[in-house]
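Counting the sequence shown from 1 gives a position; the working numbering is that position plus 24.
Built from N, CA and C at the ideal position, the CB exists for glycine as well.
One structure is given here, and the rest of the page talks about it.
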Amino acid sequence: QSSARPSPSHALAIIKRNEGCLYEPLTTMMPSSRRRRGTLLALALTTPPLASSLSIPQTAIETINAGGIAVVPDFFSPSFVSRLRSDAVNLHAEGQFITDGLAGYGSSANTRDKRNFDPSRDRSVLPAYIPSKRTPGPFVSSTLGDADVRKQMTSNVASLRSELSIRLDRPGFDTPDGPENHEISYTRFGPGANLARHVDEHHEELKGARGWSAPTRRSISWLVYLNPPDWDANGGKDGGALRTYERRSRSAYPVGARNGDLQIGWLAPSRDGDDDGRERPVFLDGRRDGRSGRCSLYVDSDDGGRRAYVTEDFDADPYLFLTGDFFVRNLLITNRHLGRRFHYLEQPKSALTKYFRDDPGEAARDVAPTGGTLVMFDSVTLPHEVLATTERERWAASGWFHEKHQPIPTKQIIL
Numbered sequence: 025q026s027s028a029r030p031s032p033s034h035a036l037a038i039i040k041r042n043e044g045c046l047y048e049p050l051t052t053m054m055p056s057s058r059r060r061r062g063t064l065l066a067l068a069l070t071t072p073p074l075a076s077s078l079s080i081p082q083t084a085i086e087t088i089n090a091g092g093i094a095v096v097p098d099f100f101s102p103s104f105v106s107r108l109r110s111d112a113v114n115l116h117a118e119g120q121f122i123t124d125g126l127a128g129y130g131s132s133a134n135t136r137d138k139r140n141f142d143p144s145r146d147r148s149v150l151p152a153y154i155p156s157k158r159t160p161g162p163f164v165s166s167t168l169g170d171a172d173v174r175k176q177m178t179s180n181v182a183s184l185r186s187e188l189s190i191r192l193d194r195p196g197f198d199t200p201d202g203p204e205n206h207e208i209s210y211t212r213f214g215p216g217a218n219l220a221r222h223v224d225e226h227h228e229e230l231k232g233a234r235g236w237s238a239p240t241r242r243s244i245s246w247l248v249y250l251n252p253p254d255w256d257a258n259g260g261k262d263g264g265a266l267r268t269y270e271r272r273s274r275s276a277y278p279v280g281a282r283n284g285d286l287q288i289g290w291l292a293p294s295r296d297g298d299d300d301g302r303e304r305p306v307f308l309d310g311r312r313d314g315r316s317g318r319c320s321l322y323v324d325s326d327d328g329g330r331r332a333y334v335t336e337d338f339d340a341d342p343y344l345f346l347t348g349d350f351f352v353r354n355l356l357i358t359n360r361h362l363g364r365r366f367h368y369l370e371q372p373k374s375a376l377t378k379y380f381r382d383d384p385g386e387a388a389r390d391v392a393p394t395g396g397t398l399v400m401f402d403s404v405t406l407p408h409e410v411l412a413t414t415e416r417e418r419w420a421a422s423g424w425f426h427e428k429h430q431p432i433p434t435k436q437i438i439l
């Protein structure tokens, strides 16, 4: 896309210039050779662990592209799920899992209270890689547990990644497994554990001194649930549902990133109907003039060929660290009509966060952690949380497919 920059006062006119919608089912935008390749990869996934010849339906691809959660029931067969769960349970009993202390539970639900820390109830993982030690994790050990079933699952997940790389048009994450490429683990939530609302990835300019420190970033989040067949999330017996916060209006454009610029918010349709009526992802250009920390916000123009900037240039610090939609609407976006449509994907956390109003453009959706179900979503775009379990352990295989970051800016500023 061209970075030719219109002034903010002209941004709305550029957005409205073409009433056609860029978003189309992805296969219609691919060359026929790539569509055929995607079909072959889909067929390649029909190995014994999968319950049917269907891999990833087109509706799931469209849902991910629009910022929602794709749910594929019975992705793994019941017998394969049982084998994976048995492996996870046994390895946890042997003390191979690592407790990460991220969950809340009991009286401190949705908080991390170190005084009440209980590793038997917290979230714990069996990772493929341990970043703090820079060593392979127990998940990839050939001597622990049922290594063959983990190897078979890893192979299926690699095929899934290759298929998604083509059908989502994200060639950057079709790379070999490795500590800097992708993540995979078993995950256990103890009785009563929950995980507070969050998103899985943030723009590098929102990470402060950690920004640009890693070679890759999370692109697609995925889970396959390993719970037993009688798990009851909706009736309240077992709990543990995944609650996502999708947009009420379907995004008119693919979400997540543009040429490495990650999404940080939305322009929602206005309530009075005096705009184009489209939900538009807002992206952060964090390297104006080739300098990290010099930023501007933009959306796609309707012709799909340009960036429609909606702000003047500004410094990441302090503007991106001033909490809440209010500051972006009133300090950064000079066009008031556009400004009042802006919402962060996830408002920056601070002591003021609890006073912010809920985003009326969101709608909560609960997904039951039914054994064999595959869920996938864009790591940048979809806020989510894990509701508390009741009396049983909640099991899953989970991970992230990574893409490379943009090259580190030559004129870098560490905030």
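Please look up how many angstroms separate the CB atoms of residue i and residue j, rounded, as I've assumed it's under 8 angstroms.
i	j	result
G92	E225	At roughly 17 angstroms, the Cβ-Cβ gap does not stay under 8 angstroms, so G92 and E225 are not in contact.
R272	E370	Contact doesn't hold; Cβ gap of about 17 angstroms is too wide.
G264	R418	4 angstroms
R312	S320	6 angstroms
Roughly how many angstroms separate the alpha carbons of residue i and residue j, rounded to a whole number?
i	j	result
P215	N251	13 angstroms
S132	A412	Summary for S132: the model assigns pLDDT 46, below 50, so the residue's position carries little reliability, and this model does not support an answer.
P384	D324	23 angstroms
E187	Y277	21 angstroms
T199	S144	36 angstroms
V223	E336	27 angstroms
F99	T123	28 angstroms
V410	V399	13 angstroms
K428	S189	13 angstroms
P461	A257	Since the first and last residues shown for the chain are 25 and 439, residue 461 lies out of range.
Q176	I80	18 angstroms
Y153	L362	44 angstroms
K261	D382	28 angstroms
S27	S148	At S27, the pLDDT of 42 sits below 50, so the modelled position is not reliable; the number obtained from the coordinates is stated separately. Going from the Cα of S27 to the Cα of S148 covers about 44 angstroms.
S316	G310	6 angstroms
Q82	R185	15 angstroms
L286	V173	36 angstroms
A392	G280	25 angstroms
A112	A238	29 angstroms
L192	A94	13 angstroms
D300	A332	15 angstroms
G284	T167	39 angstroms
D201	S179	10 angstroms
A117	K157	23 angstroms
P151	T159	10 angstroms
G348	S165	45 angstroms
V404	T358	26 angstroms
A217	L266	12 angstroms
D402	L346	25 angstroms
S294	E303	9 angstroms
G328	T240	26 angstroms
R416	K231	36 angstroms
Look at residue i and residue j and say whether their C-beta atoms are less than 8 angstroms apart.
i	j	result
T397	Y249	yes
S101	F163	no
T521	H367	With the chain covering 25 to 439 only, the question about residue 521 has no answer from this structure.
E229	L108	no
R282	S243	no
Y322	F307	yes
G169	L115	yes
P97	T394	yes
S103	W246	no
N205	H426	yes
A420	T211	yes
L291	R353	no
S275	P253	no
Just list the residues that DSSP pairs residue i with in beta bridges.
i	result
S148	T123, R212
I244	D402, F425
T268	R389, H408
V105	According to DSSP, V105 bridges with nothing at all.
Q430	Looking at the DSSP assignment, Q430 forms no beta bridge with any residue, so it has no partner.
P305	W290
E207	W424
A94	M400
W419	R212
V323	A332
A281	L286
S275	E303
T83	T83 pairs with nothing; no bridge assigned.
H222	H408
R312	The partner list for R312 (beta bridge, DSSP) is empty, contrary to what the question assumes.
G263	T413
query = If you scan the stretch 325-397 from start to end, which runs of the alpha helix (DSSP H) of 4 or more residues do you find wholly inside it?
reply = 340-343, 360-363
query = Taking only runs of the alpha helix (DSSP H) that begin and end inside the stretch 153-200, which ones reach a length of at least 4 residues, in chain order?
reply = 171-191
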